[in-house]
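To start, the structure itself, in structure tokens.
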Amino acid sequence: MRLGLPSLFGLTLLALPASAQDISLRLPVACELGRSCFIQKYVDHDPSPVMRDYQCGALGEDGHDGTDIRLPSMVEQRAGVDVVAAADGKVASTREGVPDAFVTEQTREKITQIGCGNAVVIDHGQGWRTAYCHMAKGSLTVRSGREVKAGDKIGQVGLSGLTEFPHLHFTVIKDGKPVDPFAYGSTEKSCGGGKSLWEASLQRALAYQAGTVLNKGFAPGPVTVESIETGVAEQDTPTTKSPALVAYVRVIALKGGDVATLTLFDPDGKPLAQNKAPPLDRDKIQWIAFAGVKQPEGGFRPGLYRAIYRVERDGKPAIEQAFGINLRP
1 MRLGLPSLFG LTLLALPASA QDISLRLPVA CELGRSCFIQ KYVDHDPSPV
51 MRDYQCGALG EDGHDGTDIR LPSMVEQRAG VDVVAAADGK VASTREGVPD
101 AFVTEQTREK ITQIGCGNAV VIDHGQGWRT AYCHMAKGSL TVRSGREVKA
151 GDKIGQVGLS GLTEFPHLHF TVIKDGKPVD PFAYGSTEKS CGGGKSLWEA
201 SLQRALAYQA GTVLNKGFAP GPVTVESIET GVAEQDTPTT KSPALVAYVR
251 VIALKGGDVA TLTLFDPDGK PLAQNKAPPL DRDKIQWIAF AGVKQPEGGF
301 RPGLYRAIYR VERDGKPAIE QAFGINLRP
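Listed below in structure tokens is the structure:
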């Protein structure tokens, strides 16, 4: 979504004289990419209602003007994950006091005017600015006019403003206009063109991922998006007496045509249940799969139960993750 930064913060992002000097960015969240945080949405490069990211995929939404770096669930958010300055600069503006809450259809219109939530804008000079949105209420550690160094804490990842999952919406601005830090200066409709603004040490970790397992585990009954997002599913551990044993995965950034299979195995390695979905009809920002069985008479046998999630793309393996649980009485 376009967050309307100039009006949102009461700032005028004047078009400064163009400069040949580029900016070098560090990761604005104190996390490990691929383990404790993930990129879920990229900048939209298509001016039409169609979403097109810098690799010509559809990982984002129409008009999205930043990069969404998300946490696996609210469990990590509640523990506290720092947001840091991506480069040296001076704080130009802040907003604080917006509650952390999942947006609903009832609250969306009201929240739209403060869609960025609790936020910080940093001026780096030479026409460069960065904006950090959706931070946790009460977490901001900087105020306007303060000088910051790359890596300095400025707040924590939250759920404020127009957001449905815990993440930092990070926008890079050059001469008053949002740009894509993965493909700065790319030509229209190019795939993988332009220049990365991320520092060299991040290049491998930030490589484009079309398919990542965000959450996986076992539950004693039905699993919902809400129970995964809030961490309830992770905390509800099955036992031999549970009414059911359900393996689940939540995956982000799958591609249209992907074929996914989730199989649950008993302690002897024999399949108990399998969920093989038909090929995806289009790219998916998020996808959830389940495979489970009801409790047999007398309860589940104690031992190690395993699940394997596989995704085939164009007839070749794209993702494979195995996980297990040791059921006890």
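In the UniProt record's numbering, the protein residues as written are 1 to 329. No residue lacks a Cβ here, since even glycine has one placed at the ideal position from N, Cα and C.
Roughly how many angstroms separate the alpha carbons of residue i and residue j, rounded to a whole number?
{"i": "Phe170", "j": "Glu32", "result": "16 angstroms"}
{"i": "Glu297", "j": "Pro243", "result": "10 angstroms"}
{"i": "His124", "j": "Gly155", "result": "18 angstroms"}
{"i": "Ser144", "j": "Ala150", "result": "16 angstroms"}
{"i": "Pro166", "j": "Ala233", "result": "16 angstroms"}
{"i": "His134", "j": "Phe102", "result": "11 angstroms"}
{"i": "Pro178", "j": "Val172", "result": "6 angstroms"}
{"i": "Gly277", "j": "Ala291", "result": "Here residue 277 turns out to be Ala, not Gly, going by the sequence shown. Cα to Cα, the separation comes out at about 11 angstroms."}
{"i": "Val213", "j": "Ala322", "result": "11 angstroms"}
{"i": "Glu61", "j": "Glu164", "result": "13 angstroms"}
Could you spell out the range, first to last residue, of the beta strand (DSSP E) harbouring residue i?
{"i": "Val91", "result": "89-95"}
{"i": "Lys110", "result": "No beta strand (DSSP E) contains Lys110, which is instead part of the alpha helix (DSSP H) from 108-111."}
{"i": "Trp128", "result": "128-135"}
{"i": "His169", "result": "167-174"}
{"i": "Gly217", "result": "212-219"}
Would you mind stating whether residue i and residue j have Cβ atoms separated by less than 8 angstroms?
{"i": "Tyr305", "j": "Asp266", "result": "yes"}
{"i": "Ile122", "j": "Val157", "result": "no"}
{"i": "Asn215", "j": "Arg250", "result": "yes"}
{"i": "Asp88", "j": "Lys137", "result": "no"}
{"i": "Gln295", "j": "Gly192", "result": "no"}
{"i": "Thr230", "j": "Met74", "result": "yes"}
{"i": "Leu262", "j": "Phe300", "result": "no"}
{"i": "Gly34", "j": "Ala253", "result": "no"}
{"i": "Leu59", "j": "Cys37", "result": "no"}
{"i": "Ser196", "j": "Phe218", "result": "no"}
{"i": "Leu168", "j": "Ile69", "result": "yes"}
{"i": "Ala119", "j": "Thr94", "result": "yes"}
What first and last residue would you give for the alpha helix (DSSP H) that runs through residue i?
{"i": "Val75", "result": "74-79"}
{"i": "Gln235", "result": "232-235"}
Under 6 angstroms Cβ to Cβ from residue i, same chain only, skipping five residues before and after it: list those, please.
{"i": "Arg52", "result": "His45, Asp46"}
{"i": "residue 330", "result": "Any question about residue 330 goes unanswered here, given that the chain covers just 1 to 329."}
{"i": "Arg146", "result": "Val91"}
{"i": "Leu159", "result": "Asp100, Pro166"}
{"i": "Leu162", "result": "Val103, Ile111, Gly115"}
{"i": "Lys241", "result": "Gly299"}
In its own chain, which residues sit with a C-beta less than 8 angstroms from the C-beta of residue i, not counting the 5 before and 5 after it?
{"i": "Glu320", "result": "Ile308, Tyr309, Arg310, Val311"}
{"i": "Ile228", "result": "Ser73, Asn215, Glu234, Tyr248, Arg250, Ile288"}
Could you pull out every residue in the same chain whose Cβ sits closer than 7 angstroms to the Cβ of residue i, ignoring the five residues on either side in sequence?
{"i": "Phe238", "result": "According to the sequence provided, residue 238 is Pro. The question's Phe does not apply to it. Cβ within range, chain order: Phe218, Ala219, Pro220, Leu245, Ile325, Leu327."}
Taking 8 angstroms as the threshold, find out whether the region 76-84 comes into contact with the region 23-31 through three or more Cβ pairs. yes
Using 8 angstroms as the cut-off, can you tell me whether the region 247-260 makes contact with the region 174-192, which would need three or more C-beta pairs spanning the two stretches below that distance? no
With contact counted as at least three CB pairs below 8 angstroms, one residue from each stretch, are the region 279-288 and the region 48-66 in contact? The region 279-288, when compared against the region 48-66, does touch it at the 8 angstroms Cβ threshold.
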